[in-house]
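Participant: Taking full-length UniProt numbering, the leading residue of the sequence shown gets 1, the next gets one more, and so forth.
Positions of the beta carbon are idealized from the N, C-alpha and C atoms, including for glycine.
It should be emphasised that the depicted structure is a prediction, and the values quoted were computed from it without experimental measurement.
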Amino acid sequence: MTEGAGGLVVERITHAYREPGSRRSPRRERLRTVLNGVSLSVAPGTLTAILGPSGCGKSTLLRILAGLEQPASGTATVDGESLIGRPGGVAYHPQQDALLPWLSALDNATLGAETCGEDRAGARERARALLGRFGLDDVERAWPDELSGGMRQRVALLRSTLMPQSCLVLDEPLGALDALTRRQLQFWLLDITASDRRPTLLVTHDIEEALLLADRVLVLSPSPAEIVHVEDRPGPAARRREREDGADHVAARRVLAALETGTREGRA
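1) In or out: residue 200 buried (at least 16 other Cβ within 10 Å) or exposed?
2) Per DSSP, which residues does residue 217 bridge with? Please list them.
3) Distance, Cα to Cα, residue 122 vs residue 91?
4) Since residue 158 and residue 185 should fall inside the 8 Å C-beta cutoff, what is the C-beta to C-beta distance between them, to a whole number of angstroms?
5) Could you have a look at residue 1 and say whether DSSP puts it in helix, strand or coil?
6) Determine the extent of the alpha helix (DSSP H) in which residue 105 is found, giving its start and end residues.
7) Spatial neighbours of residue 128 within its chain, please: CB distance less than 8 Å, with the 5 preceding and 5 following residues excluded, ordered by chain position.
8) Pick helix, strand or coil for residue 137, following the three-state DSSP scheme.
9) What is the DSSP secondary structure of residue 225, reduced to helix, strand or coil?
10) On the DSSP bridge list, what partners appear for residue 13?
11) Roughly how many whole angstroms lie between the Cα atoms of residue 241 and residue 82?
12) With burial defined as no fewer than 16 other Cβ atoms inside 10 Å of the residue's Cβ, what is the status of residue 248: buried or exposed?
13) Let me confirm a value: residue 71 is counted as buried when at least 16 other C-beta atoms fall within 10 Å, else exposed. Which label applies?
14) Return the residue from the list 169, 179, 114, 176 that minimises the CA-CA distance to residue 203.
15) On the three-pair Cβ rule with 8 Å, is the stretch 46-53 touching the stretch 98-113?
16) Assign residue 243 to one of two classes, buried (16 or more other C-beta atoms within 10 Å of its C-beta) or exposed (fewer than that).
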């Protein structure tokens, strides 16, 4: 499934957790495999979405790519450089916005870039140039507790966008929002990611969101997770038209069938 050394390349990632023993045998730990030989590639300038049942290992995979967990086996590279055991190798956006309450919206947005070594003045200049595009013109000096959930996510996504790493990894960035705000931000995020030339990997539970945002949708089976379906999508403009016209229902049925069966028989 991998297509070459450029962009993000994941090869045969397997990961397991140690679980405590039973009451009868408390010392007998066992290994629970959550990822089973997962391979994928994301080309520069494209977005791949991952769907799968809860607990199948989607977030674990992203944490491995972010260098926060070590897989049992397998490799992951960006532009040929290993990500395994190397925190900071990707621009990682966790599920929660993780804004610091004592920093303004602008300072939260620049925190990642500054942590990666960019000087404060340069980071703030780049952030201010993007405030309008991110819908944050009027909240530069606002504190996080003064922002709506949608605004907080915009600040967090700006923080991820400003980070210098050559790969963007998003773990359910819109998952905590109400339905209306989420729908509005889906179209906004489509425009943002379509113009970002980095390979982007997105985890979501929302089939429609995946079909709108992604150039390719991967469906994982229940744990131990394997890729059981690949749905290649048209370009961003065509995906937007499909959503607005309700014409993405055929692809949605294929993806749903793969999620429900959790086997390769669901694969197109």
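Facilitator: The relevant details are as follows:
1) Position 200 of the sequence shown, counted from the start, is the residue given in the question as residue 200. With at least 16 other beta carbons inside 10 angstroms of its own, residue 200 counts as buried.
2) Counted from its first residue, the sequence shown places residue 217 at position 217. In the DSSP output, where bridge partners are listed per residue, residue 217 has 49, 231.
3) Locating residue 122 in the sequence shown gives position 122, counting from the first residue. Locating residue 91 in the sequence shown gives position 91, counting from the first residue. Cα to Cα, the separation comes out at about 18 Å.
4) Translated into positions along the sequence shown, residue 158 becomes position 158. Translated into positions along the sequence shown, residue 185 becomes position 185. Contact doesn't hold; Cβ gap of about 13 Å is too wide.
5) On the sequence shown, residue 1 is found 1 positions in, with the first residue counted as 1. Unreliable positioning characterises residue 1 in this predicted model, as indicated by a pLDDT of 37, which lies under 50. A coordinate reading is not provided.
6) The residue you call residue 105 lines up with position 105 of the sequence shown. Going by DSSP, residue 105 is part of the alpha helix (DSSP H) stretching over 105-115.
7) Start at 1 with the first residue of the sequence shown, and residue 128 comes out as number 128. Only 106, 140 meet the Cβ criterion.
8) As a position in the sequence shown, residue 137 is number 137, starting the count at 1. Here residue 137 sits in coil by DSSP.
9) The count along the sequence shown starts at 1 and reaches residue 225 at position 225. Of the three classes helix, strand and coil, the one that applies to residue 225 here is strand, per DSSP.
10) As a working mapping, residue 13 is identified with position 13 in the sequence shown. Looking at the DSSP assignment, residue 13 forms a beta bridge with 38.
11) Reading the sequence shown from its first residue, position 241 is the one you call residue 241. Reading the sequence shown from its first residue, position 82 is the one you call residue 82. Cα to Cα, the separation comes out at about 38 Å.
12) Position 248 of the sequence shown holds residue 248. The residue in question, residue 248, is buried, as its Cβ has 16 or more Cβ neighbours within 10 Å.
13) Numbered from 1 along the sequence shown, position 71 holds the residue referred to as residue 71. By the 16-neighbour rule on beta-carbons within 10 angstroms, residue 71 is buried.
14) To locate residue 203, count along the sequence shown from 1; it is residue 203. Relative to the Cα of residue 203, the nearest Cα in the group 169, 179, 114, 176 belongs to 169.
15) Counting C-beta pairs closer than 8 Å gives fewer than three between the stretch 46-53 and the stretch 98-113, which falls short of the contact rule.
16) Taking the sequence shown and counting its residues from 1, the one referred to as residue 243 is at position 243. Burial call: buried.
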